[in-house]
Amino acid sequence: MHIFDADHNFYGGNAIVGGGLSLAVGLVLRDKMVGEANVTACFFGEGAVAEGEFHESMNLAELWDLPVLFVCENNGYAMGSALLRTESETDIHAKAAAYKMEVEQVDGMGVIAVAAIRETGRPRFL
Ligand SMILES: Cc1ncc(C[n+]2csc(CCOP(=O)(O)OP(=O)(O)O)c2C)c(N)n1
């Protein structure tokens, strides 16, 4: 959670659930504004989807057409809280798609399925 290495463009985990999403949007916005053609990848658990920052980040990333890939690792539990007991909409992709994002869902345990994303498309939300 606390590994951070700016020299290698690794901006860390974050103790605040959902905090990494808005940091990613800020980082990629900076790159776009100074003309650096970077892509930012942001990994988070489905627990972050319950946070307001998720929705603010989805909205601005799409609205400003930022080159950011959001990767949600959905294991069904935010620590001990089951997704089914905490979210009215459990299809995380539907939430990202509501912001007009290109989305794709794969079995994260399938190495080939995950790798195939690179070949077949350029989703902004995985
Ligand atoms: C804003 C905020 N609220 C609550 C917590 C306490 N907390 C730590 S981990 C966690 C659940 C995170 O769930 P998820 O992102 O799905 O990760 P996983 O449990 O699968 O590792 C919570 C609520 C926190 N760190 N930050």
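Under my numbering, residues 344 to 469 are what the sequence shown spells out, in order. Backbone N, C-alpha and C fix where the C-beta goes; we use that ideal spot for every residue, glycine too.
Given this structure, state the Cα-to-Cα distance separating residue i from residue j, to the nearest angstrom.
| i | j | result |
| --- | --- | --- |
| residue 355 | residue 443 | 27 Å |
| residue 407 | residue 373 | 12 Å |
| residue 364 | residue 396 | 7 Å |
| residue 435 | residue 351 | 30 Å |
Short of 6 Å in beta carbon distance, which residues of its chain neighbour residue i, apart from the five on each side in sequence? Order them along the chain.
| i | result |
| --- | --- |
| residue 468 | 413, 439, 444 and 446 |
| residue 383 | 367, 370, 371 and 411 |
| residue 400 | 364, 365 and 368 |
Tell me which same chain residues have a C-beta within less than 8 Å of the C-beta of residue i, skipping the five on either side of it?
| i | result |
| --- | --- |
| residue 388 | 360, 415, 416, 417, 418 and 421 |
In chain order, what residues of the same chain have a beta carbon less than 7 Å from the beta carbon of residue i, not counting five sequence neighbours either side?
| i | result |
| --- | --- |
| residue 394 | 360 and 361 |
| residue 433 | 426 and 427 |
Could you check which residue in the options has the C-alpha nearest to that of residue i?
| i | options | result |
| --- | --- | --- |
| residue 345 | 454, 398 and 357 | 357 |
| residue 377 | 385, 409 and 405 | 409 |
| residue 385 | 399, 353, 379 and 430 | 353 |
| residue 398 | 379, 424, 380 and 437 | 437 |
| residue 404 | 375, 348 and 350 | 375 |
Legend entry - Minimum length 4: unbroken alpha helix (DSSP H) runs contained in the region 356–434: 362–377, 395–406 and 426–429
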